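Trainee:
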Amino acid sequence: MRDRGEPAVFVRTRPGSPREIEGNRERLRLACESAAGALAGRGAEVRICWEDGKKG
1241 MRDRGEPAVF VRTRPGSPRE IEGNRERLRL ACESAAGALA GRGAEVRICW EDGKKG
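All the letters of the sequence shown, read from the start, carry residue numbers 1241 to 1296 under the working numbering.
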């Protein structure tokens, strides 16, 4: 069956201290590296560029 309609993307911004935000970003980067490495069958390095200009 083909997909129909437009995909919906919900963005929710939660409050947090700069330390919590940095920790969440690092955990996301590590999860992405793990998934990309598993798909590639070897280690992978992931770099996420955040919209607010901070690089991770």
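Note that beta-carbon positions come from the ideal geometry of N, C-alpha and C, so glycine has one too. All values derive from a computational prediction rather than experimental measurement.
Please report the Cβ distance between E1266 and A1284, rounded to the nearest whole angstrom; I am assuming they are in contact, meaning their Cβ atoms lie under 8 angstroms.
Mentor: Within the sequence shown, numbered from 1, the residue matching residue 1266 stands at position 26. Within the sequence shown, numbered from 1, the residue matching residue 1284 stands at position 44. 16 angstroms between Cβ atoms; not a contact.
Trainee: Can you grab the Cα-Cα spacing for the pair R1269 / R1282, in whole Å?
Mentor: In the sequence shown, counting from the first residue as 1, residue 1269 sits at position 29. In the sequence shown, counting from the first residue as 1, residue 1282 sits at position 42. The alpha-carbon atoms of R1269 and R1282 are separated by roughly 16 angstroms.
Trainee: Within this structure, are the beta carbons of A1278 and V1286 separated by less than 8 angstroms?
Mentor: Counting from one through the sequence shown, the residue named residue 1278 turns up at place 38. Counting from one through the sequence shown, the residue named residue 1286 turns up at place 46. No.
Trainee: Could you give the first and the last residue of the continuous alpha helix (DSSP H) run that contains E1273?
Mentor: The sequence position of residue 1273 within the sequence shown is 33, counting from 1. E1273 -> alpha helix (DSSP H) spans P1258 to A1280.
Trainee: Distance check for T1253 and G1296, CA to CA, integer angstroms please.
Mentor: Against the sequence shown, residue 1296 aligns to sequence position 56. Against the sequence shown, residue 1253 aligns to sequence position 13. With a pLDDT of 47 at G1296, under the threshold of 50, the predicted position of this residue should be treated as unreliable, though the coordinate-derived value follows. Distance between the alpha carbons of G1296 and T1253: 18 angstroms.
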